[in-house]
Amino acid sequence: MKRKQRFLALCASAAVLLAAAAGNASAQQRTVLQTIDYPEHHQILSVLAELAPGQCTPHHAHPGAESAYILQGQVVVKIDGKPDTPLEAGQPIRFLPGEFHVVCNVGKERFRALAHYIVEKDKPLVIPAP
7 MKRKQRFLAL CASAAVLLAA AAGNASAQQR TVLQTIDYPE HHQILSVLAE LAPGQCTPHH
67 AHPGAESAYI LQGQVVVKID GKPDTPLEAG QPIRFLPGEF HVVCNVGKER FRALAHYIVE
127 KDKPLVIPAP
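Shown next as structure tokens:
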């Protein structure tokens, strides 16, 4: 069973890297720290998300919920249909499943957040905007 979990974690990591490459890999970095198979047919991914100063994520969504805590930096969160929200270290970020958004690092230091995703096992972590 542990071999299967390692394989699934490796697949999830590869999916994250491919999604980043499809967007703007030099701007955004996601490092999968751990993957837990729970609840049934789902995974919880713990991810270190980072952005260089002045950079933004590609316009995207996630097939499941994302809950993050900002460890370092200042960002503006742009969620489709909502006002822009400035946030900084010590504050949480959350995105609902399918909620398209962009996160821009507006500070002078690297942005770092610990993010947790709850997604179905067969779905990619990142859904690029159409």
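All you need for our numbering is the position in the sequence shown, starting with 1, plus 6. Every residue, glycine too, gets a C-beta built ideally from N, C-alpha and C.
Counted within 10 angstroms of its Cβ, other Cβ atoms place residue i as buried (16 or more) or exposed
{"i": "residue 34", "result": "buried"}
{"i": "residue 30", "result": "Confidence in residue 30 is poor, its pLDDT being 44 and thus under 50, which makes the residue's placement unreliable; the coordinate value appears in the next sentence. So residue 30 ends up on the exposed side."}
{"i": "residue 115", "result": "exposed"}
{"i": "residue 102", "result": "exposed"}
From the options, residue whose alpha carbon lies closest to that of residue i
{"i": "residue 133", "options": "40, 42, 60, 67", "result": "67"}
{"i": "residue 112", "options": "128, 49, 52, 92", "result": "92"}
{"i": "residue 124", "options": "88, 36, 69", "result": "69"}
{"i": "residue 83", "options": "119, 49, 43", "result": "119"}
{"i": "residue 89", "options": "108, 97, 96, 57", "result": "108"}
{"i": "residue 59", "options": "103, 101, 110, 100", "result": "110"}
{"i": "residue 63", "options": "129, 45, 117", "result": "117"}
{"i": "residue 131", "options": "100, 99, 87, 49", "result": "49"}
Cβ pair residue i, residue j closer than 7 Å
{"i": "residue 105", "j": "residue 85", "result": "yes"}
{"i": "residue 65", "j": "residue 127", "result": "no"}
{"i": "residue 78", "j": "residue 94", "result": "no"}
{"i": "residue 51", "j": "residue 41", "result": "yes"}
{"i": "residue 97", "j": "residue 76", "result": "yes"}
{"i": "residue 54", "j": "residue 39", "result": "yes"}
{"i": "residue 135", "j": "residue 74", "result": "no"}
Any non-hydrogen atom of the ligand ADP closer than 6 Å to residue i Cβ
{"i": "residue 95", "result": "Among the components of this structure there are no ligands whatsoever, and the ligand ADP is therefore not found."}
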